[in-house]
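*Asks:*
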Amino acid sequence: MLRDILNKIEQFGVQLNEKASHEEITNLKKTFDFDFPNDFLDFYLSSNGYHDYYGFEKQHIWNLKKICEENSVETDQYIKFSDHMLLSPWIGYSRIDAKIYKGYGYIIEQNEEPTFLADSFTEFLKMIANDEDALY
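Going by the UniProt record's numbering, the letters in the sequence shown line up with residues 1 to 136, in that order.
1) In this structure, how does DSSP classify S46 when only helix, strand and coil are distinguished?
2) Applying the 10 Å Cβ sphere with the 16-neighbour rule, what's the burial state of A118?
3) Where does H22 sit, in a helix, a strand or coil, going by DSSP?
4) So, helix, strand or coil for I5, using DSSP?
5) Please classify A98: does DSSP put it in a helix, a strand, or coil?
6) Using only the alpha-carbon positions, how far apart do L16 and E112 sit?
7) For the beta strand (DSSP E) that L125 lies in, which residues bound it at each end?
8) L117 lies in the beta strand (DSSP E); which residues open and close that run?
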């Protein structure tokens, strides 16, 4: 199923990065002390993220290095792994319920609570494949 979703995303012109190594995945899990769901890990074992497609700023899925750089291990309630340049929303896992949420700006500056987006990473990928408005 993952490959089918990624094929659909690639039809938009997305160039997936090379897969992440098991060592990089282990480092991510240790860094955040978070039990990332299997579908998230499977994605990174297939592709270490990607950039926007057709040069138009749409959804990005960050590589593991950027995930580590962009998140504060000690304070963030959300582990961000994606963004959208045009409106600057971030997308990430909640450390509380391991579901995927969307927020805007820096988490410490937010006036609004993040919005629930998806129950799973697979569901999130399907949203990208269908270019759903909720992402933006």
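Each residue gets a CB set at the ideal place from its N, CA and C atoms; glycine is no exception.
*Replies:* Working from what's here:
1) Collapsing the DSSP output to three states places S46 in a helix.
2) buried
3) helix
4) DSSP places I5 in helix when its eight states are reduced to three.
5) For A98, the three-state secondary structure derived from DSSP is coil.
6) 32 Å
7) Where L125 is concerned, there is no enclosing beta strand (DSSP E), although the alpha helix (DSSP H) it sits in stretches over F121 to A129.
8) T115 to A118
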